[in-house]
Amino acid sequence: MTREKELFVPKVPGKVGMYISAVSLLTAKPMSAMSVLPLGSMFCTDTCWLLHLGFDVVYVRNFTDVDDKIIAKANMREENIFTLANHSIGKFHDDMCVLQCLAPKHEPRVTSHIEQIISMTDETIHNDSAYVVDGDVYFSLDKYPNFGCLSGNSREELLVTPDPKKRDPYDFALWKASKPGEPYWDSPWGHERPGWHIECSAMSSHYLSIQCDIHGGGRDLIFPHHENEIATSWAACQASKVGYWVHIDNEFYHPLSLRHYLMSVHFRSPVNYSTANLDNASEADFYIYLGKPKQHLPLIQSLIEIEKVVKEVLSILGLLSPLSYTEVVLQLKEKALDRANMEEDQVMDLIGKRTQARKERDFSSSDQIRRDLAAKGIALMDVGKETIWRPCVPHKHEDQALLTLS
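Numbering (this note's numbering), first residue to last: 13 to 418.
Written out as structure tokens, the structure reads:
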């Protein structure tokens with residue numbers, strides 16, 4: 013928690029425990045849910061690199077499959093909460109598969125670890141850091157001396173929910189009573205369900221004991237979730253300590269282009285999601301894959317060795333697709349056609365008309381065809397006597413005019 017770059021030293025030599033918290037099923041949507049997908053891509057890359065360095069990595073990523081928001085959404089849809097959760101988890105796995113992300117060693121769900129959550133809650137009460145009121149269990153925040161050590165925030169910055177049961181307005185629930193129609197589990201304190209922060213403390217300690225080297229998640233989880241999680245873990249076992257905290261900020265594109273873009277952003281920088289950035293990544297990917305089969309062997313031996321190293325690193329990071337280069341080029345072109353709402357036959361027909369116009373020295377018409385296609389994200393390239401097309405960043409007509417004049 014020094015907020016500085018440090019040499020990575022795991023607690024147990026040769027072994028790394030990594031826990032990524034709170035994939036909320038409300039954000040487990042298709043590719044547009046940029047708040048979740050960077051987690052899978054970034055920490056997959058971390059895992060690949062650590063494995064390459066020879067570490068034995070235990071990668072754990074949890075699902076929060078029961079909380080206030082999920083219950084509210086299920087009620088609104090008049091859908092069973094567990095059916096909704098299973099469907100959302102399936103969607104999330106589909107996206108991770110398309111992004112070619114490594115699966116974690118463990119993917120615990122809150123609802124499958126109620127026993128561990130109850131046990132940690134009971135231990136927290138036993139250590140005099142929590143108290144029971146009418147079946148609800150609250151964490152005594154004043155018993156934890158280091159609140160704010162991760163975020164730098166004070167407890168006064170917490171969003172306080174008025175509750176006459178609390179001894180202190182800033183205390184938070186570890187275990188709370190279920191309302192009619194909500195799921196519940198038997199516990200020493202009644203028919204209830206877990207609070208938010210205790211779940212990650214219980215699951216991370218179950219799979220990693222106190223040897224959690226890396227704990228990650230979205231930047232929005234730093235406060236209060238991870239701050240409170242540190243407090244609950246300390247209350248249950250004061251020897252518990254995370255070595256390194258890592259947080260990141262929050263169609264018509266090839267999955268590798270999306271991954272290319274995500275991996276181009278520094279892990280501590282906000283992800284500035286925009287179609288323009290994805291367009292640029294897509295265009296860069298096209299050139300990479302189009303040019304690859306045509307590359308000649310470098311004439312200088314040192315360059316050959318550099319290429320081998322680069323390939324090895326890209327393979328480790330998962331940036332080289334098992335697909336052939338030709339297949340990736342075709343997929344990139346399919347995405348461009350979908351975005352332009354065109355068939356390839358239509359593009360080829362326009363290329364033919366442009367070729368004929370050039371033969372007739374009707375350059376005004378040929379340039380207009382080029383500009384119209386470029387505005388839709390399709391660029392024409394004259395290669396010898398042949399004209400081919402490739403995906404590009406869609407240009408406005410005025411931009412094309414400026415490019416032509418220059």
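Think of the CB as a built atom: it goes at the ideal place given N, C-alpha and C, for glycine as much as any other residue.
Fair warning: this is a prediction, and the values are worked out from it, not measured in the lab.
Using a C-beta cut-off of 8 Å, the stretch 71-83 makes contact with the stretch 204-221, since at least three inter-stretch Cβ pairs fall below that distance. Taking 9 Å as the cut-off, the beta carbon of V149 is found no closer than this to the beta carbon of L111.
Around the C-beta of D361, fewer than 16 other C-beta atoms lie within 10 Å, and the residue is accordingly described as exposed.
Excluding the 5 residues flanking it on each side, W401 has same chain C-beta neighbours closer than 6 Å at V359, I390, L392, in chain order.
Collapsing the DSSP output to three states places E239 in a helix. Every unbroken stretch of the beta strand (DSSP E) spanning 3 or more residues and falling wholly within the stretch 124-193 is given here in chain order: 142-145, 148-151, 184-189.
Residue burial is scored here from C-beta neighbours: Q223 has at least 16 other C-beta atoms within 10 angstroms and is therefore classed as buried. Going by beta carbons, E239 and N139 fall outside the 9 Å limit.
Following the DSSP letters along the chain, one finds L65 in no alpha helix (DSSP H), marked with neither H nor E. Here the alpha carbon of F94 sits roughly 12 Å from the alpha carbon of N87. A direct Cα-to-Cα measurement between H237 and S33 gives close to 10 Å. In this structure, L162 lies away from W246, with their beta-carbon atoms at least 9 Å apart.
Looking at the DSSP output, I226 shares a beta bridge with M30, Y256.
In this chain, S221 is not harboured by any beta strand (DSSP E), its DSSP state being neither H nor E. Rounded to whole angstroms, A115 and C56 show a C-alpha spacing of 8 Å.
The beta carbon of E204 lies closer than 8 Å to those of G147, D148, W187, K188, A189, S190, Y196, W197 in the same chain, with the five residues before and after it left out. In the displayed model, N74 falls within a strand according to three-state DSSP. The beta-carbon distance between T136 and F151, rounded to whole angstroms, is 7 Å. This is short enough to meet the 8 Å contact definition.
When DSSP states are grouped into helix, strand and coil, D394 belongs to the strand group. Setting aside the 5 residues that flank it on each side, S281 has no residue in the same chain whose C-beta is closer than 6 Å to its C-beta. Residue nearest to Y143 within the set E16, D183, R167 is D183 (criterion: CA-CA distance). Across the structure, L153 and S141 are spaced so that their CA atoms are roughly 8 Å apart. Going by beta carbons, M54 and M275 fall inside the 9 Å limit.
Leaving aside the five residues that flank I83 on each side, the residues in its chain whose CB is nearer than 7 Å to its CB run, in chain order, I93, E194.
If you draw a 10 Å sphere on the C-beta of S286, you find fewer than 16 other C-beta atoms in it, and that means exposed.
Closest in alpha carbon position to D394, among R382, E119, A387, K388, is R382. For H218, the closest alpha carbon among the candidates M132, S378, E398, S377 is that of M132. In the DSSP annotation of this structure, the continuous segment of the alpha helix (DSSP H) that includes D106 starts and ends at 93-110. By alpha-carbon distance to G26, the top candidate from S221, D180, P200, V69 is V69. Excluding its 5 nearest sequence neighbours in each direction, M30 has C-beta neighbours in its own chain below 6 Å: Y71, I226, listed in chain order. T399 is bridged by DSSP to D394.
Per DSSP, the continuous beta strand (DSSP E) segment holding S199 begins and ends at 197-199. In the DSSP annotation of this structure, R373 is not part of any alpha helix (DSSP H), being labelled neither H nor E. Comparing alpha carbon positions, the residue from R366, K371, I234 closest to S378 is R366. Contact check for V405 and N284: beta-carbon distance about 16 Å, past the 8 Å limit, so the pair fails to qualify. Under the three-state reduction of DSSP, G389 is assigned to coil, being neither helix nor strand.
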